[in-house]
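Residue numbers (our numbering), protein chains in the order written: chain A, 114 to 439; chain B, 137 to 448. Here a beta-carbon is modelled for each residue, glycine too, at the ideal position from N, C-alpha and C. Source: prediction; values computed, not measured.
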């Protein structure tokens, strides 16, 4: 069994790699290894927090998980009622019916919904694409979904541009829920929102996972947010998963030096730190993903780097039950 | 006080009426002090900083108030004198998204040198540029690179270097770390802390990120819908918040210790068409009858600690 196997997965990524090749005019061909041999499962009703810095490949992984990005190698399996479908290989009719089950919520609610549409239309069009045409029926569905995301049906006939950021993000969640998906990728879904709204949206997402049994891959750069919402946390660095485990354990007993650094960088509410220069056990910045360091990709920034780290690539090891580190 | 803003009011004219973006706000920054100004998007915090740097353009206009800088009301200074005598030299700004503020077609060093030239820097611009790069902990060779060759954190540092070009005693940093990675955020905050320690520079940090603010500021101001809700020392604001809005904001900060964050229900009122009474009353869990009728004024709780709430 691969690292991190769980009993009832809705999505299974098996050694998924996504490479982008870039040909510069007159230059050599460069290959960006955005995701490199990642295996990860998300269960029904489970929220997995995917944490990493920008450039770590977490968005690419999320897009690949729902088939929006073709993988270079590896398999993505969607499992429902005991049968599995290969997401990467689906085409035509099969692909269209898959789309309904695999949904995504984007970071920026200001660019993910057409501002010149009425809210009702923004919700109606995806439903129609999936074959629901009866307006009455749509209205009943919308009313039900609006309740669960905390929106008043008064805004249905407003234009999207009239809504605030928090309202828009609720609309984009509602739009996704209308299709009754089994798996949702939430890509930095609360990063753009004001602090006063974050809590609400996080609580809505938790409720969706618990009540509708939806699996959620919650992509974020904030460890604290992942800890609050996720059941398990996966930490990504330069296209690799470096740590995977139950959220509380990863936060309380981080194993990988990179996870430790991310935790050290997490904000606290502590005015006594005013004159302290906070130290983080990490050097420099994330390197360009075209030229990887040899051995462990993290070794140039790692405070504990040994000679071995420059030569050997560490594999995933299960240190405690369900808690893996690379 | 290096900066003392008094009763500043800035409106924006719109077809729906005057939008009261900043409404009768006082704010002080002492020499060598780091002060935070916090609030949600749309509360008027950026407008306040633009008013201090005289960058309010129509349809916005300063209705009343004073911005006293080193004892002189800079709103009364002619715009040309302000440009020559204050901007960059005395008051420098690092704007929201300023890492995208560099022109892509010139090197970072050339853009810093341009600031030095325009402000008639006496001395060698090249060595000053190198010195500035060192000051923000960047390798001086980075000055020879184009903005797209730098990472977000490096660009932000380079922009801070440019802001420091004329050795200003006062720096305004508007969302200096938004859009940066957590690790980079900490290093930028460390940089600002060092600048204050080594150069006694006064800093006004404007952000919606209260957690970040709590670890760096001496005092904090909380702005809501264009009005000052509360201010005090960092300890007072973050460990013993009085205003229900501040309490809600602090309870909403995700940290590793919290297991659930609550958030504040509802939305900020329309600033062009404000309801009577306290602006926060529609979202406040403690709202009483008087809150919906009369607007509370800032009440002195202690020296240097005020709150605008009928509970006190």
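Span separating the alpha-carbon of residue 411/A from that of residue 193/B: As a working note, residue 411/A is residue 298 in the first chain. As a working note, residue 193/B is residue 57 in the second chain. Rounded to whole angstroms, residue 411/A to residue 193/B spans 48 Å at the Cα level.
Residues that DSSP places opposite residue 359/A in a beta bridge: On the first chain, position 246 is the one that residue 359/A refers to. Paired residue(s): 345/A.
Buried/exposed call for residue 114/A, threshold 16 Cβ in 10 Å: Mapped onto the first chain, residue 114/A falls at position 1. Unreliable placement is indicated for residue 114/A, whose pLDDT of 42 sits below 50; the coordinate value is still reported in the next sentence. Classification for residue 114/A: exposed.
Chain A contact residues for residue 400/B, given Cβ-Cβ distances below 7 Å: To locate residue 400/B, count along the second chain from 1; it is residue 264. Those are 309, listed as they occur along chain A.
Start and end residues, beta strand (DSSP E) containing residue 272/A: In the first chain, counting from the first residue as 1, residue 272/A sits at position 159. No beta strand (DSSP E) holds residue 272/A; DSSP gives it neither H nor E.
4 or more residues per run - each alpha helix (DSSP H) lying fully within the region 219 to 307 of chain B: 244 to 254, 261 to 271 and 288 to 299
Closer than 8 Å to chain B by CB, residue 167/A: Residue 167/A sits at position 54 when you count from the first residue of the first chain. Yes, residue 167/A lies at the interface with chain B (some Cβ there is under 8 Å from its Cβ).
Residue 411/B, buried or exposed, once every other Cβ within 10 Å from all chains shown has been counted against 16: For this step, residue 411/B is matched to residue 275 along the second chain. Residue 411/B should be labelled exposed.
Under the three-state DSSP convention, the category residue 284/A falls into: Residue numbering aside, residue 284/A sits at position 171 when the first chain is read from its first letter. Helix.
Option nearest residue 131/A by Cα separation, candidates 345/A, 120/A and 182/A: Within the first chain, the letter at position 18 stands for residue 131/A. Residue 182/A is the option with its Cα nearest to residue 131/A.
Cβ shell of residue 299/B (< 8 Å), same chain only, five flanking positions each side left out: On the second chain, position 163 is the one that residue 299/B refers to. Hits under 8 Å: 224, 228, 229, 230 and 307.
Nearest-angstrom Cα separation, counted from residue 417/A out to residue 356/B: Numbered from 1 along the second chain, position 220 holds the residue referred to as residue 356/B. Numbered from 1 along the first chain, position 304 holds the residue referred to as residue 417/A. Rounded to whole angstroms, residue 356/B to residue 417/A spans 38 Å at the Cα level.
Buried versus exposed call for residue 193/A [16 or more other C-beta atoms within 10 Å across all chains shown]: Stepping through the first chain from its first residue, residue 193/A is reached at position 80. Its Cβ having fewer than 16 others within 10 Å, residue 193/A is exposed.
For residue 188/A, three-class secondary structure by DSSP: Residue 188/A sits at position 75 when you count from the first residue of the first chain. Residue 188/A: strand per DSSP, three-state reduction.
Neighbouring residues, chain A, relative to residue 354/B (Cβ below 8 Å): Locating residue 354/B in the second chain gives position 218, counting from the first residue. Correct list: 387.
Any C-beta of chain B under 8 Å from that of residue 427/A: Here residue 427/A corresponds to residue number 314 of the first chain, with the count starting at 1. Answer no: the Cβ-Cβ gap between residue 427/A and chain B never drops below 8 Å.
C-beta neighbour in chain B for residue 332/A, strict 8 Å: The count along the first chain starts at 1 and reaches residue 332/A at position 219. No, no contact with chain B.
Collapsed DSSP secondary structure at residue 164/B in the structure displayed: Taking the second chain and counting its residues from 1, one reaches residue 164/B at position 28. The answer is strand: DSSP assigns residue 164/B an E or B state.
Residue 183/B - containing alpha helix (DSSP H), residue span: Against the second chain, residue 183/B aligns to sequence position 47. From DSSP, the alpha helix (DSSP H) with residue 183/B extends over 181 to 188.
CB of residue 148/A within 8 Å of CB of residue 344/A, strictly: What you label residue 148/A is simply residue 35 of the first chain in a count that begins at 1. What you label residue 344/A is simply residue 231 of the first chain in a count that begins at 1. Going by C-beta atoms, residue 148/A is not nearer than 8 Å to residue 344/A.
Where residue 438/B sits in the DSSP three-state scheme: Counted from its first residue, the second chain places residue 438/B at position 302. Residue 438/B falls in the strand class under three-state DSSP.
Between the CA atoms of residue 352/B and residue 191/A - distance to the nearest angstrom: Position 78 of the first chain, counting from 1, holds the residue named residue 191/A. Position 216 of the second chain, counting from 1, holds the residue named residue 352/B. Between residue 191/A and residue 352/B, the C-alpha separation is close to 47 Å.
Separation of residue 424/A from residue 176/B, as counted between CA atoms: As a working note, residue 176/B is residue 40 in the second chain. As a working note, residue 424/A is residue 311 in the first chain. If you take the alpha carbons of residue 176/B and residue 424/A, they lie about 49 Å apart.
Contact the region 165 to 179 of chain A vs the region 325 to 332 of chain A: 3+ CB pairs below 8 Å: yes
Within chain A, the residues that residue 346/B reaches when beta carbons sit closer than 8 Å: For the purposes of this step, residue 346/B is identified with residue 210 of the second chain, where counting begins at 1. By Cβ distance, chain A contributes 308 and 382.
Beta-bridge pairing of residue 122/A - partner residues as DSSP gives them: Counting from 1 along the first chain, the entry for residue 122/A is found at position 9. Looking at the DSSP assignment, residue 122/A forms a beta bridge with 156/A.
Neighbour list for residue 349/A in chain B, Cβ cutoff strictly below 9 Å: Within the first chain, numbered from 1, the residue matching residue 349/A stands at position 236. By Cβ distance, chain B contributes nothing, its closest Cβ being about 13 Å from residue 349/A, past 9 Å.
Cβ pair residue 442/B, residue 367/B closer than 8 Å: The sequence position of residue 442/B within the second chain is 306, counting from 1. The sequence position of residue 367/B within the second chain is 231, counting from 1. Yes, they are a contact pair.
Where residue 371/B meets chain A, residues with beta-carbon distance less than 7 Å: By one-based count along the second chain, residue 371/B stands at place 235. Chain A residues near residue 371/B: 384.
Exposed unless 16 or more other CB atoms sit within 10 angstroms - verdict on residue 354/B: Here residue 354/B corresponds to residue number 218 of the second chain, with the count starting at 1. So residue 354/B ends up on the buried side.
Presumed contact (8 Å Cβ cut-off) between residue 162/B and residue 142/B, rounded CB distance: Numbered from its first residue, the second chain carries residue 162/B at position 26. Numbered from its first residue, the second chain carries residue 142/B at position 6. About 6 Å; that satisfies the 8 Å criterion.
Interface residues of the region 404 to 432 of chain B facing chain A [CB-CB below 9 Å]: 404 and 419
Backbone CA spacing between residue 172/A and residue 126/A [nearest angstrom]: Indexing the first chain from 1 puts residue 172/A at position 59. Indexing the first chain from 1 puts residue 126/A at position 13. Straight-line Cα distance between these residues: approximately 14 Å.
Between the CA atoms of residue 165/A and residue 316/A - distance to the nearest angstrom: Within the first chain, residue 316/A is the residue found at index 203, counting from 1. Within the first chain, residue 165/A is the residue found at index 52, counting from 1. Computed Cα separation, rounded: 22 Å.
Residue 318/B in three-state terms, based on DSSP: Translated into the one-based positions of the second chain, residue 318/B becomes position 182. Note: residue 318/B maps to helix in three-state DSSP.
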